[in-house]
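A.B. asks: In our numbering, the protein residues as written are 4 to 253.
We put the CB at the ideal spot given by N, CA and C, even for glycine.
Have a look at this one before I ask anything.
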């Protein structure tokens with residue numbers, strides 16, 4: 004990493020790399036710690052040596068203690084799985100680096116539930132799409148009652164760029180969310196309406212998580228103050244674009 008940073012001399016480092024699919028993280032905690040914690044420190048150390056002036060770190064809303072209100076950045080941090088814990092540790096490493104290098108622009112973005120094309124992990128939307136492609140009208144899924152803040156990935160990418168561009172020296176932490184939450188049941192209902200398929204849900208015990216947050220929603224006041232906007236909340240539009248990309252609808 005140090006050789007790469009010295010050779011390329013980047014103006015910005017955007018650190019997205021992590022093992023972030025929670026079931027996979029929980030299956031291999033040692034690998035999760037190695038990638039998410041040691042990997043983050045490796046990137047930070049390389050950027051310090053190469054004197055990279057701006058650094059953006061992908062954290063997660065999973066660091067927050069569960070609650071029913073929209074999370075503010077000042078809310079209590081209390082991760083309850085290995086993924087959230089490693090991301091909180093990553094945040095602490097960034098905080099330590101920022102304290103030693105106050106001239107550098109450090110930004111921590113706490114990502115909520117991103118969705119969109121090119122998903123490589125079996126989160127709920129890829130699972131729904133794969134089952135529909137297979138001809139299923141009865142979807143075997145996990146818990147459908149949790150509410151999530153669904154962030155279109157294209158908006159999230161644009162927000163990352165603007166958070167970097169509009170950052171200031173020191174450390175800024177901000178939620179990257181829409182400020183609106185919907186249940187997974189509602190997501191399936193909207194997919195059914197868009198696809199024109201009468202979808203029904205059956206609970207698959209293998210897809211039920213041992214511990215599940217009932218509600219996850221971000222307060223986007225700080226993000227709006229920083230960049231002037233937040234990702235769009237039109238889930239129907241976002242799902243239509245995703246389903247069209249995946250060939251599920253025309």
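Tell me which residues share the same chain as residue 96 and place their Cβ nearer than 7 Å to its Cβ, disregarding the 5 neighbours each side in the sequence.
C.D. replies: Excluding residues within five positions, the ones whose Cβ falls inside 7 Å are 43, 44 and 47.
A.B. asks: Between which two residues does the alpha helix (DSSP H) holding residue 132 run?
C.D. replies: From DSSP, the alpha helix (DSSP H) with residue 132 extends over 127-136.
A.B. asks: Apply the 10 Å Cβ neighbour rule to residue 220 and answer buried if 16 or more other Cβ atoms are within range, or exposed otherwise.
C.D. replies: When all chains shown are included, residue 220 counts as buried.
A.B. asks: Note the first and the last residue of the continuous alpha helix (DSSP H) segment covering residue 91.
C.D. replies: Residue 91 -> alpha helix (DSSP H) spans 85-103.
A.B. asks: Residues in its own chain within less than 7 Å of residue 165 by CB, not counting five upstream and five downstream?
C.D. replies: Contacts found: 230.
A.B. asks: Across which residues does DSSP place residue 149 in a beta bridge pair?
C.D. replies: According to DSSP, which records beta bridges pairwise, residue 149 is partnered with nothing at all.
A.B. asks: In terms of DSSP beta bridges, what is residue 155 paired with?
C.D. replies: Its beta-bridge partners are 118.
A.B. asks: If you compare alpha carbons, which of 206, 57, 107 and 151 is closest to residue 190?
C.D. replies: That would be 151, whose Cα lies nearest to the Cα of residue 190.
A.B. asks: Give a yes or no on whether the C-beta atoms belonging to residue 124 and residue 90 are separated by under 8 Å.
C.D. replies: Contact: no.
A.B. asks: Going by C-alpha distance, which of 235, 226 and 214 is nearest residue 170?
C.D. replies: Considering only alpha carbons, the answer is 226.
A.B. asks: Quick check for students: name the residue ranges of the beta strand (DSSP E) that lie wholly in the segment 30-64, counting only runs of 3 or more.
C.D. replies: Counting whole runs of 3 or more residues, the segment 30-64 contains the beta strand (DSSP E) stretches 57-63.
A.B. asks: Contact check, residue 194 vs residue 127 under 8 Å by CB: the rounded distance?
C.D. replies: Between residue 127 and residue 194 the Cβ distance is about 10 Å, and since that is not below 8 Å, they are no contact.
A.B. asks: Take residue 237 as the anchor and find which of 158, 167, 67 and 218 has the nearest alpha-carbon.
C.D. replies: When only C-alpha atoms are compared, the closest one is 158.
A.B. asks: Taking only three categories from DSSP, how would you classify residue 236?
C.D. replies: DSSP places residue 236 in coil when its eight states are reduced to three.
A.B. asks: Buried or exposed: where does residue 65 fall if 16 or more other Cβ atoms within 10 Å of its Cβ makes it buried?
C.D. replies: So residue 65 counts as buried.
A.B. asks: Evaluate the contact criterion for the segment 176-183 versus the segment 137-147: three or more CB pairs, one atom per stretch, below 8 Å.
C.D. replies: Contact fails: fewer than three Cβ-Cβ distances are below 8 Å.
A.B. asks: Pick out whichever of 57, 36 and 85 has its Cα sitting closest to the Cα of residue 168.
C.D. replies: Out of 57, 36 and 85, 57 has the C-alpha closest to the C-alpha of residue 168.
A.B. asks: As a quick exercise: from 37, 135 and 102, pick the residue whose alpha carbon is nearest that of residue 20.
C.D. replies: It is 37 whose Cα lies nearest to the Cα of residue 20.
A.B. asks: My output table needs one value for residue 27: the three-state DSSP class, helix, strand or coil.
C.D. replies: Helix, per DSSP.
A.B. asks: Could you check what DSSP says for residue 176 in three-state terms: helix, strand or coil?
C.D. replies: Strand at residue 176.
A.B. asks: Looking at the structure shown, is residue 186 part of a helix, part of a strand, or coil, going by DSSP?
C.D. replies: It is a strand residue.
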